[in-house]
Amino acid sequence: MKNYYKIPKIFFISFILLNLFLSNLFAAGPDGNITKMKFSFDGIFGVIDKASARRGLQVYNEICAGCHSLEHVSYRNLLDIGFSNDQVKEFASQFEVTAEPDSDGEVNMRSAIPSDKFVSPYQNDNQAKAMNNGAIPPDLSLIIKARAGGASYFYSLLKGYEDPPEDKELSNGYYNIAYPGNVIAMPQPLYGDDVEYADGTEATMEQEIIDLVSFLTWTGQPELNDRKSMGFRVFLFLVFMTSVLFLSYRKIWKKIKG
Amino acid sequence: MSNIKNGKGVIGWIDYRLPIFSTLQHTLVDYPTPKNLNYWWNFGSLAGIFLLIQIITGIVLAMHYTPSVEGAFASIEHIMRDVNYGWLIRYIHMNGASFFFIVVYIHIFRGLYYGSYKSPREVLWWLGLTILLLMMATAFMGYVLPWGQMSFWGATVITNLFSAVPIVGTAVVEWLWGGFAVDNALLNRFFALHYLFPFLIVGVVILHIVALHTHGSNNPLGIDRKGPQDSIPFHPYYTIKDLFGLSFVLTIFAAVVFYAPDYLGHPDNYIPADPLKTPAHIVPEWYFLPFYAILRAVPDKLGGVIAMISAILILFALPWLDTSKVRSATFRPIYKKFFWFLLIDVIILTWVGGSPAEGHFILIGRLATIYYFAHFIIFMPIIGIIETPKPLPNSISEAVLKKPIKDGT
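Read top to bottom, the protein sequences are chains A and B.
Position one of the first sequence corresponds to residue 1 (the numbering used here), numbered consecutively onward.
Position one of the second sequence corresponds to residue 259 (the numbering used here), numbered consecutively onward.
1. Could you tell me whether the region 637–656 of chain B touches the region 578–588 of chain B, where touching means 3 or more Cβ pairs closer than 8 Å?
2. Report the rounded CA-to-CA distance for residue 105 (chain A) versus residue 153 (chain A), giving the unit in angstroms.
3. Using C-beta distances below 6 Å, list every residue in its chain close to residue 57 (chain A), excluding the 5 sequence neighbours before and after it, in chain order.
4. Could you run through the region 502–515 of chain B and flag, in chain order, every residue whose CB is less than 7 Å away from some CB of chain A?
5. Helix, strand or coil: which one does DSSP assign to residue 150 (chain A)?
6. Per DSSP, what kind of secondary structure is residue 109 (chain A) in: helix, strand or coil?
7. Anyone know if the C-beta pair for residue 163 (chain A) and residue 175 (chain A) falls short of 8 Å?
8. I'd like to know if residue 350 (chain B) contacts chain A, where contact means its C-beta is closer than 8 Å to some C-beta of that chain.
9. To the nearest angstrom, report how far apart residue 395 (chain B) and residue 74 (chain A) are at their CA atoms.
10. Just to confirm the assignment: which complete beta strand (DSSP E) runs, minimum length 3, are found wholly within the region 489–539 of chain B?
11. Go through its chain and collect everything with a Cβ distance to residue 26 (chain A)'s Cβ below 8 Å, but skip five positions before and after it.
12. Just list the residues that DSSP pairs residue 406 (chain B) with in beta bridges.
13. Is the CB-CB distance between residue 386 (chain B) and residue 466 (chain B) below 8 Å?
14. Going by C-alpha to C-alpha distance, which of A:177, A:228, A:63 and A:131 sits closest to residue 208 (chain A)?
15. Pull up the distance between the alpha-carbon of residue 349 (chain B) and that of residue 333 (chain B), whole angstroms please.
16. Can you find a CB in chain B that lies within less than 8 Å of the CB of residue 83 (chain A)?
17. Could you name the residues of the same chain whose beta carbon sits closer than 7 Å to that of residue 98 (chain A), not counting the 5 residues immediately before and after it, in chain order?
18. With three or more beta-carbon pairs closer than 8 Å as the criterion, would you say the region 453–464 of chain B touches the region 614–629 of chain B?
19. For residue 49 (chain A), which residues of its own chain have a beta-carbon under 6 Å away from its beta-carbon, when the five flanking residues on both sides are left out?
20. Along the region 244–257 of chain A, where does the CB come closer than 7 Å to a CB of chain B? Name the residues.
21. Any idea what DSSP makes of residue 249 (chain A), helix, strand or coil?
22. Can you confirm whether residue 433 (chain B), when its beta carbon is compared against all beta carbons of chain A, has any partner nearer than 8 Å?
23. Measuring CB atoms only, is the region 543–558 of chain B touching the region 604–611 of chain B, in the sense that at least three cross pairs come out at less than 8 Å?
24. With 16 as the cutoff for other CB atoms within 10 Å, does residue 566 (chain B) come out buried or exposed?
25. Taking residue 61 (chain A) as the reference, give the member of A:81, A:43, A:34 and A:91 with the closest Cα.
26. Sort out for me which residues DSSP pairs residue 356 (chain B) with in a bridge.
27. On the three-pair Cβ rule with 8 Å, is the region 264–280 of chain B touching the region 409–427 of chain B?
28. Taking any Cβ of chain A, which residues in the region 332–346 of chain B have a Cβ under 8 Å from it, in chain order?
29. What's the C-alpha gap between residue 518 (chain B) and residue 100 (chain A)?
30. Mapping the DSSP letters down to three states, classify residue 280 (chain B) as helix, strand or coil.
31. When you compare only the Cα positions, how much space is there between residue 264 (chain B) and residue 270 (chain B)?
32. Taking the alpha carbon of residue 132 (chain A) as the reference point, which residue from A:147, A:68 and A:191 has its own alpha carbon closest?
33. When we look at the beta-carbon of residue 445 (chain B) and count the other beta-carbons within 10 Å, is it buried (16 or more) or exposed?
34. Return the residue from the list B:642, B:556, B:403 and B:577 that minimises the CA-CA distance to residue 594 (chain B).
35. Counting only beta-carbon atoms, is residue 651 (chain B) nearer than 8 Å to chain A?
36. I need the straight-line Cα distance from residue 192 (chain A) to residue 340 (chain B), nearest angstrom please.
Below you can see the structure in the form of structure tokens.
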């Protein structure tokens with residue numbers, strides 16, 4: 001039994017190392033004032049709430065899509081959050097995309113089909129700049145992954161609009177307590193009752209924001225649900241495998257260690 | 259297996275003409291290994307396996323990746339969304355790089371603690387450091403490939419370091435870029451080299467193993483083996499121990515890959531590269547932070563670059579900087595303490611490297627940098643001379659038969 005003492009030690013050291021890397025020690029934290037939220041997709045078993053994500057699509061489509069593109073997501077991907085084939089076709093068909101040149105070389109427009117990517121509100125970057133005081137509104141596909149603080153930051157940002165303090169000079173922007181630097185170019189997008197939910201849920205501001213966070217977490221990490229369920233099975237297998245290998249190791253080394 | 263030696267059967271026939279099976283038998287099965295290796299000796303084989311994981315996942319990623327400034331970012335998202343299990347392969351590759359460095363850094367610190375760089379293993383040590391340098395170049399170029407904000411600005415900062423070279427600096431930087439800015443030409447060559455370098459690493463790893471097997475593994479006592487009673491065959495004793503260690507590390511690896519896949523990365527790299535918009539903090543990947551801290555500790559650009567490069571090059575001189583004949587820190591009471599001071603110093607450098615270069619971080623960074631070099635240039639040679647080592651055991655088997663020595667790990 002005497003050699004068992006080595007195991008806790010290496011477990012302990014690995015644990016410390018893991019914690020070191022998983023702590024915020026090396027990562028620059030977000031600058032603004034952020035409320036740490038608990039979402040359905042947090043934690044080991046957390047998954048994206050698909051009903052919430054579907055409502056979030058409605059919020060995106062009716063409020064955000066006027067200015068923000070979603071260029072990495074295809075309409076067909078909406079099948080993942082529980083829309084039917086027909087619903088996806090119908091949703092896609094309300095948008096227009098440039099068709100391939102026809103036999104006469106004419107370029108026409110056609111309505112979008114499920115394999116098309118979400119249609120951008122702009123023809124090109126210059127148009128986006130011209131319509132928004134020279135700055136392109138960020139694409140939202142990866143917005144949750146691309147900001148320090150992730151989903152909690154995004155939630156706090158949408159709730160973070162306040163009247164500016166007396167001494168704060170706002171030349172072109174709005175005061176937001178969560179935004180780094182506190183002056184954001186985007187006006188407050190959600191106030192509550194901005195949409196009428198298809199499933200009858202009451203569209204409070206809180207509800208709209210949480211639904212939008214669910215939707216955009218899914219657009220950023222469409223693999224999240226699969227990843228976590230696969231991860232759990234892989235982890236269980238590896239724990240079992242490690243135990244079997246440890247016992248084999250003890251047995252094989254018995255001759256040497258006596 | 260007996261067919262290998264007597265030349266019978268297909269394996270024997272081939273081996274008589276090309277001794278590939280007897281070489282494998284010698285390296286992975288019979289290879290006599292000290293019987294007293296502890297878990298810190300698991301990290302060499304772990305590093306080899308992580309190299310293999312990186313190469314396999316990397317080749318698959320290269321099949322779907324587009325090396326152009328217009329297409330790179332979107333092709334990564336294509337891998338994450340449309341390629342079957344592309345997200346898994348990419349997350350393994352991203353985090354595999356981090357784990358490769360964790361494992362290699364532990365492997366190096368094990369070498370420092372047990373004096374594995376001392377005669378007759380100097381060339382083995384150099385080959386290991388060469389692998390580290392190649393790894394750093396590979397990892398840096400790999401981080402550029404997604405062409406996110408940190409990719410672009412990291413590439414800009416690091417390639418600009420070469421402009422510190424007197425007279426030819428600007429010319430060297432433009433030669434590296436293949437133009438007058440960090441652009442498509444640089445991305446293309448980085449992709450080509452990122453694919454090439456791992457195979458150079460494989461080559462040096464083979465030399466590393468040849469050098470290792472020439473005099474055999476060092477061991478926690480740091481004394482030479484006196485006879486067959488001190489050794490056991492690699493298989494099954496160390497194959498099973500390495501497999502157990504591998505399975506344990508893969509469990510931690512899986513936890514990160516599946517539950518915190520983006521944690522070791524930087525959120526800014528999910529923003530496409532924009533040459534007109536500098537991120538608030540440009541930070542390299544965590545495994546470069548100690549060196550980044552040393553770079554920034556020197557107020558002069560050229561001086562900083564020289565200090566950063568010297569931080570690794572100085573390790574090549576270790577066999578002569580360490581004046582003690584005793585290998586293992588177990589028997590070196592003073593050196594053992596300084597080993598831990600060095601480890602703490604490197605952790606401080608990592609922390610400073612990841613923090614903004616302002617306020618008290620500047621002072622801490624400078625002191626930690628001075629200490630880092632002082633450890634190797636001043637303390638190591640002096641400790642070797644003034645220290646009285648504890649008495650060494652006569653042989654490994656004698657020490658193993660007695661109560662196992664409590665070493666300081």
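Note that beta-carbon positions come from the ideal geometry of N, C-alpha and C, so glycine has one too.
Working from what's here:
1. yes
2. 48 Å
3. 215
4. 502, 505, 506, 508, 509, 510, 512 and 513
5. helix
6. strand
7. yes
8. no
9. 36 Å
10. 489–491
11. Model confidence at residue 26 (chain A) stands at a pLDDT of 45, short of 50, so the residue's coordinates are unreliable; what they give is reported in the following sentence. Around residue 26 (chain A): no qualifying Cβ.
12. B:530
13. yes
14. A:63
15. 15 Å
16. no
17. 107 and 109
18. no
19. 40 and 214
20. 245, 246, 248, 249, 252, 253 and 256
21. helix
22. no
23. yes
24. buried
25. A:91
26. Bridge partners of residue 356 (chain B): none, in fact.
27. no
28. 332, 335, 338, 339, 345 and 346
29. 42 Å
30. helix
31. 7 Å
32. A:68
33. buried
34. B:642
35. no
36. 35 Å
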